[in-house]
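Everything below concerns the one structure shown next.
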Amino acid sequence: MPEFVLPAGWTSRTLAAVRRKLLAWFDAHRRDLPWRADRDPYRIWVSEVMLQQTTVAAVVPYFERFLASFPTVAALAAADEQAVLRHWEGLGYYRRARHLHRAAKDLAAAHGDALPDDPAVWAELPGVGPYILGAVMSQAFDRKLPIVEANSLRVLSRWFGYRGDPREGAGKKWVWKAAAAVLPTARVGDFNQALMELGALVCSPTAPACGTCPVAKWCEANRLGLQAQIPPATKAKKTVEVREVAVVIRDGAKVLLCRRGPDASRWANMWEVPHGEAVAGETVEAAVRRVARELTRLDVTSGPELVTIRHGVTRFAITMTCLEAIRKAGTYHSDFYAEGRWVDPHDLKDYPVSSPQRRLADELTRASRQLRLI
DNA sequence: AACCCGGGGCG
DNA sequence: CGCCCAGGGTT
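With UniProt numbering, the residue at position 322 of the first sequence is 322, and numbering never jumps.
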């Protein structure tokens with residue numbers, strides 16, 4: 001695939017005209033979003049992290065709450081990590097929050113509350129890749145750095161009629177070159193946001209509104225009628241089935257949670273096992289029974305809760321047999337492991353989790369109450 | 001290059 | 001139910 005070159009017939013004046021057109025459209029149609037109120041690099045940074053793989057509508061309330069609790073980078077740096085993670089519950093991709101917190105500590109220690117106008121500093125921060133670097137630098141400091149994300153990728157490849165896959169290999173290079181080539185020398189941040197805003201509001205993945213697009217008359221995909229083919233559809237991801245088991249029997253000690261790989265017969269890993277090392281090759285059921293027996297000194301013969309997880313979608317097939325076994329022991333109760341922490345079933349009622357998890361939580365809570373375990 | 005991470009919205 | 005979303009890190 002060729003490197004980025006302007007289409008035949010384009011001059012620097014054409015490019016300048018298109019830039020003006022897009023910026024004017026942005027001025028008229030930009031959404032009023034909370035992180036667009038000013039050019040505070042901290043607010044912009046937080047918004048960009050939240051917006052990773054997450055829709056604008058989903059982010060807005062989280063952004064408001066987060067900024068109310070952690071209004072400055074110093075406030076975030078001083079916060080407890082569990083407090084930060086609680087503000088993230090329901091957003092997903094929790095590593096983003098940990099990286100953000102860690103990076104805030106680094107920045108606050110080195111620069112206080114005055115975030116540096118220095119790409120080299122930002123590029124070293126955990127969780128800051130090429131996109132967030134360009135986004136923060138251009139929006140907060142008007143530095144001339146490009147951004148490429150799902151929207152601008154679609155806009156640019158349609159605009160210039162790129163026929164390869166701009167997400168991989170040579171296509172990735174091409175789209176970053178294109179994003180850099182179209183940048184104006186002023187209002188860089190606005191221009192980057194205009195590309196994304198156009199992708200979000202007009203140049204949508206399916207059925208783009210080319211009739212109202214401010215740059216349609218310079219768009220190769222529009223001219224050739226190839227909007228549906230550019231960019232090419234993403235390859236379907238293989239569905240991997242994983243079986244997980246979560247059990248804890250608390251008597252001062254916690255036992256837990258292993259995960260089986262696709263072969264569904266062996267332990268893939270153990271996440272936290274203060275008690276109950278799994279023997280290699282031991283089945284889930286056998287190990288949990290053995291550990292439960294050791295802790296309760298009762299003969300626990302029934303199996304554990306089984307949790308089936310498919311890619312991206314979580315489905316549960318639950319048996320409450322282990323809970324019943326615990327009830328027989330009389331003095332124990334169960335906990336549930338969710339989003340990286342141990343959660344008491346009682347607290348799961350208000351825990352922000354997806355609906356399948358919610359059903360599991362409700363079931364556990366109900367069962368626990370009936371069994372007077374709490 | 002392939003894979004992992006999460007949850008919601010939408011057709 | 002399957003695809004998509006203001007990506008980055010790890011292997």
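All C-beta atoms in this analysis are idealised placements derived from N, C-alpha and C, irrespective of residue type, glycine included.
The structure presented is a predicted model; accordingly, all values stated were derived computationally and were not measured.
_Gly-225, buried or exposed, once every other Cβ within 10 Å from all chains shown has been counted against 16_ = As a first step, residue 225 is located in the first sequence; it is residue number 225 there, counting from the start. Result: exposed.
*Coil, strand or helix - Ile-147 by DSSP*: Start at 1 with the first residue of the first sequence, and residue 147 comes out as number 147. DSSP places Ile-147 in coil when its eight states are reduced to three.
*Determine, using beta carbons only, whether Ala-103 and Gly-129 come nearer to each other than 9 Å.*
Start at 1 with the first residue of the first sequence, and residue 103 comes out as number 103. Start at 1 with the first residue of the first sequence, and residue 129 comes out as number 129. Against a cut-off of 9 Å, the Cβ pair of Gly-129 and Ala-103 comes out as no contact.
*Considering Thr-11, what are the terminal residues of the alpha helix (DSSP H) in which it resides?*
The count along the first sequence starts at 1 and reaches residue 11 at position 11. First-last for Thr-11: undefined, no H or E at that position.
_Sequence-distant residues of the same chain with beta carbon closer than 6 Å to Ile-147, five excluded per side_ = As a working note, residue 147 is residue 147 in the first sequence. Excluding positions up to five away in sequence, the list reads Tyr-131, Gly-134, Ala-135 and Asn-192.
*Just curious, the alpha helix (DSSP H) that Pro-130 is in, first and last residue?*
By one-based count along the first sequence, residue 130 stands at place 130. Note, Pro-130: alpha helix (DSSP H), 130–141.
*Determine contact between the segment 8–18 and the segment 35–45, defined as no fewer than three beta-carbon pairs at a distance below 8 Å.*
no
*asked:* I'd like the span of the alpha helix (DSSP H) that includes Tyr-42, first residue to last.
replied: Counting from 1 along the first sequence, the entry for residue 42 is found at position 42. Note, Tyr-42: alpha helix (DSSP H), 41–51.
*Between the segment 83–102 and the segment 44–64, are three or more C-beta pairs nearer than 8 Å?*
yes
*asked:* For Phe-160 and Met-50, what's the separation of their Cα atoms in angstroms?
replied: The count along the first sequence starts at 1 and reaches residue 160 at position 160. The count along the first sequence starts at 1 and reaches residue 50 at position 50. Their backbone Cα atoms lie some 30 Å apart in a straight line.
*Report the rounded CA-to-CA distance for Trp-35 versus Ser-47, giving the unit in angstroms.*
For the purposes of this step, residue 35 is taken as the residue at position 35 of the first sequence. For the purposes of this step, residue 47 is taken as the residue at position 47 of the first sequence. Whole-angstrom Cα-Cα distance: 6 Å.
*Taking 9 Å as the cut-off, decide whether the C-beta atoms of Leu-115 and Arg-98 are in contact.*
Along the first sequence, one-based indexing puts residue 115 at 115. Along the first sequence, one-based indexing puts residue 98 at 98. It is not a contact, given that the beta carbons lie outside the stated cut-off.
_Given a cut-off of 9 Å on the beta-carbon distance, is the pair Pro-184 and Leu-76 in contact?_
The sequence position of residue 184 within the first sequence is 184, counting from 1. The sequence position of residue 76 within the first sequence is 76, counting from 1. Contact: no.
*With respect to the alpha helix (DSSP H) encompassing Ala-194, which residues constitute its N-terminal and C-terminal limits?*
Here the question's residue 194 lines up with position 194 in the first sequence. Counting along the chain, the alpha helix (DSSP H) containing Ala-194 begins and ends at 188–201.
*Based on Cα-Cα distance, which residue from Ala-78, Pro-7, Met-137 and Ala-109 lies nearest to Ile-44?*
Locating residue 44 in the first sequence gives position 44, where the first residue counts as 1. It is Met-137.
*Secondary structure, alpha helix (DSSP H): runs of 4+ residues fully inside the segment 50–106*: 56–69, 73–78 and 81–88
*Between the C-alpha atoms of Ala-179 and Leu-156, what's the straight-line distance to the nearest angstrom?*
As a first step, residue 179 must be located in the first sequence, where it is residue number 179. As a first step, residue 156 must be located in the first sequence, where it is residue number 156. Spanning the two alpha carbons is a distance of roughly 7 Å.
*Consult DSSP for Lys-235 and reduce its assignment to one of helix, strand or coil.*
Mapped onto the first sequence, residue 235 falls at position 235. In the structure shown, Lys-235 sits in coil (DSSP, three-state: anything other than H, G, I, E or B).
_To the nearest angstrom, how far is the alpha carbon of residue 408 from that of Gly-211?_
It is not possible to answer for residue 408, since the shown part of the chain is limited to 1 through 374.
*Answer yes or no: do Ala-74 and Asp-118 have a C-beta to C-beta separation smaller than 9 Å?*
Against the first sequence, residue 74 aligns to sequence position 74. Against the first sequence, residue 118 aligns to sequence position 118. Cβ atoms of Ala-74 and Asp-118: not closer than 9 Å.
*By Cβ distance, which residues of its chain are closer than 8 Å to Glu-3, with the 5 residues on each side in sequence left out?*
Counting from 1 along the first sequence, the entry for residue 3 is found at position 3. Contacts found: Lys-173, Trp-174 and Lys-177.
*Between the Cα of Cys-203 and the Cα atoms of Arg-95, Pro-231 and Lys-144, which residue gives the shortest distance?*
Numbered from 1 along the first sequence, position 203 holds the residue referred to as residue 203. The shortest C-alpha separation from Cys-203 is found at Pro-231.
*Use the C-beta contact count for Pro-61: other C-beta atoms within 10 angstroms, 16 or more gives buried, fewer gives exposed.*
For the purposes of this step, residue 61 is identified with residue 61 of the first sequence, where counting begins at 1. Exposed, by the Cβ-count rule.
_Below 8 Å on the Cβ atoms is my contact criterion, and I expect Asn-151 with Ala-200 to pass it. Report the Cβ-Cβ distance as a whole number of Å._
Counted from its first residue, the first sequence places residue 151 at position 151. Counted from its first residue, the first sequence places residue 200 at position 200. Confirmed, Cβ separation roughly 5 Å.
*Whole angstroms is fine: what's the gap from Ala-181's alpha carbon to Ala-170's?*
For this step, residue 181 is matched to residue 181 along the first sequence. For this step, residue 170 is matched to residue 170 along the first sequence. Cα to Cα, Ala-181 sits roughly 16 Å from Ala-170.
*How would you write the range of the alpha helix (DSSP H) that Trp-176 sits in, first residue to last?*
Here residue 176 refers to the residue found at position 176 of the first sequence. Element bounds for Trp-176: 170–181.
*Measure the C-alpha to C-alpha separation of Trp-122 and Ala-110 and round it to an integer number of angstroms.*
The sequence position of residue 122 within the first sequence is 122, counting from 1. The sequence position of residue 110 within the first sequence is 110, counting from 1. Taking the straight line from one Cα to the other gives about 12 Å.
_Selected residue, minimal CA-CA separation from Gly-164, among His-101, Arg-31 and Thr-234_ = Here residue 164 corresponds to residue number 164 of the first sequence, with the count starting at 1. Nearest option by C-alpha distance: Thr-234.
*Look at the alpha carbon of Ala-209 and the alpha carbon of Trp-218, and state the distance between them as a whole number of angstroms.*
Here the question's residue 209 lines up with position 209 in the first sequence. Here the question's residue 218 lines up with position 218 in the first sequence. Ala-209 and Trp-218: Cα-Cα distance of roughly 15 Å.
*With distances taken Cα to Cα, identify the nearest neighbour of Arg-143 among Arg-154, Lys-21 and Asp-190.*
Counted from its first residue, the first sequence places residue 143 at position 143. Among Arg-154, Lys-21 and Asp-190, the Cα nearest to that of Arg-143 belongs to Asp-190.
_Buried versus exposed, by CB contacts within 10 Å (16 or more), Ala-221_ = On the first sequence, position 221 is the one that residue 221 refers to. Buried, by the Cβ-count rule.
*Status (buried if at least 16 other CB within 10 Å, exposed otherwise) for Trp-25*: As a working mapping, residue 25 is identified with position 25 in the first sequence. Flag for Trp-25 reads buried.
*Outcome for Arg-20 when other beta-carbon atoms lying within 10 angstroms are tallied against a minimum of 16*: As a working mapping, residue 20 is identified with position 20 in the first sequence. Exposed.
*Put residue 400 into one of helix, strand or coil per three-state DSSP.*
Outside the displayed span of the chain (1 to 374) sits residue 400, for which this structure offers no information.
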